[in-house]
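Residue numbers (my numbering): 247 to 404.
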């Protein structure tokens, strides 16, 4: 899901270029946009497990074997044998009984959300540190608003 990160990076660079930012700031904006886009994609992938925003598409990424943060999270929270049970549960879709139980048993949604929140926090912290270290003039108020928006997005995804 690098695509989302790359698009976000492009959007931040474009905004910075329009505002007249220098190369150092543009490089930082590119990294930030990419990191933020990855975090947002992580939240979106986890949203596919809940079906909260699109109930008809619940588990669609898993049923179609699309690359998704859910696969990585499942691998991270389980042993190889337990991961095989996850794969078995996925193979039973659209019957969700086994997968629902597996997700609850391993706390996959909570672990995945926390990881996505940490990645988002990392993106903001890295940008703030980078701007300060480079001596770039920037608006702390606008940054605070952007960080708050990031938190709202994280809450919206669950």
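Beta carbons: idealized from backbone N, C-alpha and C, even for Gly.
Within 10 angstroms of the Cβ of residue 386, are there 16 or more other Cβ atoms? Answer buried if so, exposed if not. Counted from its first residue, the chain shown places residue 386 at position 140. Exposed is the call here.
Going by C-alpha to C-alpha distance, which of 329, 377 and 286 sits closest to residue 351? Walking along the chain shown from the start, residue 351 turns up at place 105. The alpha carbon of residue 351 has as its nearest neighbour, out of 329, 377 and 286, the alpha carbon of 329.
Whole alpha helix (DSSP H) elements within the segment 265 to 321, 4-residue minimum: The segment 265 to 321 contains, as complete alpha helix (DSSP H) runs of 4+ residues, the segments 269 to 296 and 306 to 309 (chain order).
If distances are taken between C-alpha atoms only, which option among 321, 370 and 303 comes closest to residue 390? Position 144 of the chain shown, counted from the first residue, corresponds to residue 390. Nearest C-alpha to residue 390: 370.
Provide the residue span of the alpha helix (DSSP H) that contains residue 329, from first to last. Locating residue 329 in the chain shown gives position 83, counting from the first residue. Segment 326 to 337, the alpha helix (DSSP H) holding residue 329.
Assigned secondary structure, residue 361 (DSSP; H/G/I helix, E/B strand, else coil): In the chain shown, residue 361 corresponds to position 115, counting from 1. Three-state result, residue 361: helix.
Quick one: grab the DSSP three-state call for residue 247. Walking along the chain shown from the start, residue 247 turns up at place 1. Any reading at residue 247 must be qualified, since the residue scores a pLDDT of 44, below 50, and its modelled position is unreliable; the value itself is stated next. Looking at residue 247 - three-state DSSP - the assignment turns out to be coil, as it is neither helix nor strand.
What separation, rounded to the nearest whole angstrom, lies between the Cα atoms of residue 335 and residue 374? The residue labelled residue 335 in the question sits at position 89 within the chain shown. The residue labelled residue 374 in the question sits at position 128 within the chain shown. Cα to Cα, the separation comes out at about 42 Å.
Taking a contact to mean a Cβ-Cβ separation below 8 Å, would you say residue 256 touches residue 279 in this structure? What you label residue 256 is simply residue 10 of the chain shown in a count that begins at 1. What you label residue 279 is simply residue 33 of the chain shown in a count that begins at 1. Taking 8 Å as the Cβ cut-off, residue 256 and residue 279 qualify as a contacting pair.
Where residue 382 falls: helix, strand or coil (DSSP): Within the chain shown, residue 382 is the residue found at index 136, counting from 1. Coil, per DSSP.
Taking all protein chains shown into account, decide if residue 314 is buried (16 or more other Cβ within 10 angstroms of its Cβ) or exposed. Here residue 314 corresponds to residue number 68 of the chain shown, with the count starting at 1. Residue 314 comes out buried.
Is residue 388 helix, strand or coil when you go by DSSP? Along the chain shown, one-based indexing puts residue 388 at 142. If DSSP states are grouped into helix, strand and coil, residue 388 belongs with the helices.
Do you know how far the Cα of residue 309 is from the Cα of residue 300? Your numbering for residue 300 matches position 54 in the chain shown. Your numbering for residue 309 matches position 63 in the chain shown. Linking residue 300 to residue 309 through their CA atoms gives a straight-line distance of about 15 Å.
Could you give the distance in angstroms between the alpha-carbon of residue 393 and the alpha-carbon of residue 266? Locating residue 393 in the chain shown gives position 147, where the first residue counts as 1. Locating residue 266 in the chain shown gives position 20, where the first residue counts as 1. Distance between the alpha carbons of residue 393 and residue 266: 22 Å.
Under a Cβ-count criterion, where at least 16 other Cβ atoms within 10 Å of its own Cβ denotes burial, should residue 281 be classed as buried or exposed? Counting from one through the chain shown, the residue named residue 281 turns up at place 35. Classification for residue 281: buried.
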